[in-house]
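Visitor: Residue numbers (the numbering used here), protein chains in the order written: chain U, 8 to 463; chain S, 5 to 589.
Attaching a single structure in structure tokens format; questions to follow.
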């Protein structure tokens, strides 16, 4: 029953890539948009169907299908669907972007379902390289593209080095638990460093705010929302599946999470530029995810996955709004003064997204943080949980400024409508943030199953 | 009916206010508040748990636990809310941001209702967090004023210290007790005294921050930057009482950890500091704010020193006259456009408001037959065996009467103030109506005293009965009278104003401050230290952020894209990580 559906799934992937390349030649924007939406929706349906059959297997020897990989595949597909909307609305070169996005998606799905470190590597390259070109396509973001490229290549170098050592140390690149050797401990650390770029972990992220700010907002949304999720999918698989016996590697993760949280939160305090502010806040959110990973327990990991899920939709939603503001030449906190007068619903949505990142109850951000902190407490990392709590309080300070600014009393503001597609994206992200905040049990079941699968 | 149903009308009203046109916001808010009040009699007592989600064997739910003390707070919140909204009809009439105001008020009320019936620490924390957030928004409501923004930031900084403390306590309790319901934690206390101490200290910090107790009292007076209905609702009758309420409900945790003496000492210091501040304060609303801090200190002192029921009665009685006095202050500010009581005059031109205000002052000062009198004498009787406490409490009593009558005498002077503002005669009816209802309530609340005395039950055994003796009643009355007479002589008859020296003292803030400083140098030092702590916290955050942003330092150059530095950092970091695991293995 499942295998035919897998064939359908792969055929859809092929259709996505080939269709996009083919239509790129024709350069018909609406046609390509329709194709992307249709295929992505069908992909979504096929993945859900496969998930519903509940089997776990390795397909054709390279694509592992299980509750962990399917969870991420669902996230990636929905994320790309939303990104596709934003590309269509905002990008000048939609056709190229859609094609590059399709390639990225293939890379992400490979990362999610990989059986060995090599496929993770290849998948990640397929994620990051098209993004470099996407940024390059936008005008005035050459510098961001260059920086992205440098970070990606450093990451490739480190990753390759780690793989070379891994081959020597373990004799295999399969995602299986490795017996403790001293060399492999170094390998684990280098893997963490290599993945530090995609997951925006301090200090491998210091160029990231630059890149996020320099790229157009619709691409920042993809980078910070979806690509980062892919990075975490890779990091989690390598750390938990291969290096679960290396406790000190997880100590490194714990320390990195502290640095990442403090770096992101403190650097965000003085930001006036909205996109850069969100870049720093996204970095600090990555720190919370690392707390969950550092517990190396199923509960902590489930919390981390929940937080990844929460962050993805919040970030895409926020950046959709920022992209819209950007088209109206509004970039800083002062520029959005009185936004509530111009577009009440947008201001409300942005407020809720930010409150969710702070950890307002009845939003996904609260549930994610609660699960992470409780996982940390139960995993004996009380100090890390307390540092996380302190950080989530610091974050109130910089989210308060844009919120206050939006609701400032500005006269002479006329109502401004938001493009329909963007509203759809924002509304969907907001709906998910609130729905799974009020009723998180289904999503908790998904992430718990995904985490349990890695530890099985 | 389960207690959570009380939130339904409020949440529905909140959603409607957000969606429907601005013009009818106030009516929806009022309807929601009234519907919430109407549902109150149908609330059954007992513990309910509404399952929310479960993860890794730990189930989370909204746990509500309703006993008499919870019902008391619920009744206070739901009963006063419609009056506050009625007052707001008049007070906020010229303000164009009606939707924002009423939605924030409704969100606050819903959070307060959830807090009043919470039965587990998770539920309590959720409500607590919403309270912090909505109070931040409401204090900074007039956010075009920089002072309002600063006050809101100060309030939330202090209050967030409490939030961190509660979260930390929750983390400790999850690890130590494995349960987060109030009853479960109280039952698990004897087994783990170390954890109990940590939890009690953390919760104690949260209590002190929320109820504006020493050394965290400063935020409450700054919070007077918010609109008057907000001060009346949040900063006198409901939110600031959350801390005291927590001690009332969770008294076994505090007593088993043995930190009650610390809490009563701190609250007594608060009373002293607040009374002295009230004596020198001339801002019409801040006087009332200091008096609120003082009474919160008294409540906490009573509860922590064993006179639980006296504390509970003060907790109840204070709501009416304190809200009323805030109503009057707001009305005076609106009528005259002035904020200093030395420049406000002519309160008597609006007789209804004057009489209501008089009721409030009489009640706060402790005149029979108002509820403040019964609260004062019950408090006195509870400590009549301890001479030191008895004398101290009564000294504060006479001082309270003195500064409150000064407040009244100044503002009800005859001469007209030359303001361009509304004027006392033109005050909206709804503002005056709210004040009158509260004045009558302050009178009627006296009749509740026998109920508290004979029928009220705390969720745990209470050993000291509530009662008054004739002697204590006479003492309270005599002191209130003495304070009033002294105030009358000094300010109404103008004895103080006639003598040049006294005028200089009253009108020169420097002299008063000097007096105050000498008498309270030590305590003031600590209080000022705590006040500056917030300041430094703020400065610290900003400074660090600023140094990252503006300095030509390493991180800034990093973040602004020097590639060689990036690669250098990256390799240093990787090597540091490798070195770390080399040593840790």
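We treat Cβ as the ideally placed atom computed from N, Cα and C, and that holds for glycine.
Mind checking which residues open and close the beta strand (DSSP E) that includes residue 332(S)?
Guide: Note, residue 332(S): premise wrong, no beta strand (DSSP E); alpha helix (DSSP H) at 312-340.
Visitor: Quick check on residue 136(S): buried or exposed, where buried means 16 or more other Cβ atoms within 10 Å of its Cβ?
Guide: Residue 136(S) comes out buried.
Visitor: Who are residue 70(S)'s beta bridge partners in DSSP?
Guide: Note: residue 70(S) sits in a beta bridge opposite 50(S).
Visitor: For residue 234(S), count the other beta carbons within 10 Å of its own beta carbon; 16 or more makes it buried, fewer makes it exposed. Which is it?
Guide: So residue 234(S) ends up on the buried side.
Visitor: Name the two residues that bound the continuous alpha helix (DSSP H) containing residue 66(U).
Guide: Element bounds for residue 66(U): not the alpha helix (DSSP H) but the beta strand (DSSP E), 64-66.
Visitor: Since residue 255(U) meets chain S, which of its residues come closer than 7 Å, beta carbon to beta carbon?
Guide: Near residue 255(U) (Cβ distances below 7 Å), the residues of chain S are 585, 588 and 589.
Visitor: Taking residue 448(U) as the query, report the chain S residues whose CB atoms sit under 7 Å from its CB, ordered along the chain.
Guide: In chain order: 57.
Visitor: Between the alpha carbons of residue 210(U) and residue 450(U), how many angstroms are there, rounded?
Guide: In a straight line, the C-alpha of residue 210(U) is about 31 Å away from that of residue 450(U).
Visitor: Can you have a look at residue 39(U) and say buried or exposed, based on whether 16 or more other CB atoms are within 10 angstroms of its CB?
Guide: The residue in question, residue 39(U), is buried, as its Cβ has 16 or more Cβ neighbours within 10 Å.
Visitor: Please decide whether residue 121(S) counts as near chain U, where near means a Cβ-Cβ distance under 9 Å.
Guide: No, residue 121(S) does not count as interfacial toward chain U.
Visitor: Using a Cβ cut-off of 9 Å (strictly closer), state whether residue 27(S) contacts chain U.
Guide: By this cut-off, residue 27(S) is not an interface position.
Visitor: Would the beta-carbon of residue 327(U) fall within 9 Å of that of residue 429(U)?
Guide: Closer than 9 Å, so yes.
Visitor: Would you kindly check if the distance between the Cβ of residue 82(S) and the Cβ of residue 37(S) is under 9 Å?
Guide: Yes; because the gap between Cβ atoms is below 9 Å, this pair is in contact.
Visitor: Around the Cβ of residue 390(U), are there at least 16 other Cβ atoms within 10 angstroms (buried) or fewer (exposed)?
Guide: Residue 390(U) is exposed by the Cβ-count criterion.
Visitor: Starting from residue 123(U), follow its DSSP beta bridges and name the residues at the other end.
Guide: The partner list for residue 123(U) (beta bridge, DSSP) reads 181(U).
Visitor: In chain U, what lies closer than 8 Å to residue 144(S) by C-beta?
Guide: Within chain U, the residues near residue 144(S) are 411.
Visitor: In three-state DSSP terms, what is residue 209(U)?
Guide: The answer is coil: DSSP assigns residue 209(U) none of H, G, I, E or B.
Visitor: Enumerate in chain order the residues of its own chain whose CB-to-CB distance from residue 279(U) is below 6 Å, with the five nearest sequence positions on each side excluded.
Guide: Taken in chain order, the residues that qualify are 339 and 340.
Visitor: Relative to the C-alpha of residue 590(S), which residue among 361(S), 431(S) and 463(S) is closest?
Guide: Not covered by the structure: residue 590(S). The range shown for chain S is 5 to 589.
Visitor: Report all residues from its chain with a CB closer than 6 Å to the CB of residue 303(U); omit the five preceding and five following residues, and keep chain order.
Guide: Cβ neighbours of residue 303(U) beyond the five flanking positions: 257.
Visitor: At a Cβ cut of 8 Å, what residues of the region 155-177 of chain S count as close to chain U, listed as they run along the chain?
Guide: Cβ contacts with chain U: 157, 160, 164, 167, 168, 171, 172, 175 and 176.
Visitor: Could you check how far apart the C-beta atoms of residue 229(S) and residue 107(S) are, in whole angstroms? I think they sit under 8 Å.
Guide: Actually they are not in contact, since the Cβ atoms of residue 229(S) and residue 107(S) sit about 20 Å apart, beyond 8 Å.
Visitor: Among 216(S), 578(S) and 123(S), which residue has its Cα nearest to the Cα of residue 166(S)?
Guide: It is 216(S) whose Cα lies nearest to the Cα of residue 166(S).
Visitor: I'd like the list of long-range same chain contacts for residue 176(U), defined as Cβ closer than 7 Å, with 5 residues on each side in sequence excluded.
Guide: The residues are 188, 190, 191 and 194.
Visitor: For the putative contact between residue 124(U) and residue 462(U), defined by C-beta atoms under 8 Å, what is the C-beta separation to the nearest angstrom?
Guide: Incorrect: roughly 19 Å between the Cβ atoms, too far for contact.
Visitor: Using a Cβ-Cβ distance under 9 Å, would residue 297(U) count as near chain C?
Guide: Among the chains of the structure shown, chain C does not appear; the protein chains present are U and S.
Visitor: Just the chain S side, please: which residues come within less than 8 Å of residue 455(U) by C-beta, in chain order?
Guide: By Cβ distance, chain S contributes 59 and 60.
Visitor: Strictly by DSSP, which residues pair up with residue 280(U)?
Guide: According to DSSP, which records beta bridges pairwise, residue 280(U) is partnered with 339(U).
Visitor: Could you list the residues in the region 374-394 of chain U with a C-beta less than 9 Å from some C-beta on chain S, going in chain order?
Guide: Those residues of the region 374-394 of chain U that come within reach of chain S (Cβ to Cβ, closer than 9 Å) are 374, 377, 378, 380, 381, 382, 383, 384, 385, 387, 389, 392 and 393.
Visitor: Kindly list, in the order they appear in chain U, the residues whose Cβ is closer than 7 Å to that of residue 255(S).
Guide: Those do not exist, as residue 255(S) stays about 26 Å from chain U at its closest Cβ, beyond 7 Å.
Visitor: Quick one: which residues of the region 223-251 of chain U get their C-beta closer than 9 Å to a C-beta of chain S? List them in chain order.
Guide: Within the region 223-251 of chain U, no residue has a Cβ that lies closer than 9 Å to any Cβ of chain S.
Visitor: Find out if the Cβ-Cβ distance for the pair residue 283(U), residue 205(U) is shorter than 9 Å.
Guide: No, Cβ-Cβ distance for residue 283(U) and residue 205(U) is not below 9 Å.
Visitor: Can you tell me whether residue 64(S) is helix, strand or coil according to DSSP?
Guide: Three-state DSSP puts residue 64(S) in a strand.
Visitor: If we define contact as Cβ-Cβ less than 9 Å, is residue 189(U) a contact residue for chain S?
Guide: Closer than 9 Å to some Cβ of chain S, the Cβ of residue 189(U) qualifies, so yes.
Visitor: Would you decide whether residue 235(U) is buried or exposed? Buried here means 16 or more other CB atoms lie within 10 Å of its CB.
Guide: Residue 235(U) comes out buried.
Visitor: Name the chain S residues that come within less than 9 Å of residue 438(U), Cβ to Cβ?
Guide: Those do not exist, as residue 438(U) stays about 15 Å from chain S at its closest Cβ, beyond 9 Å.
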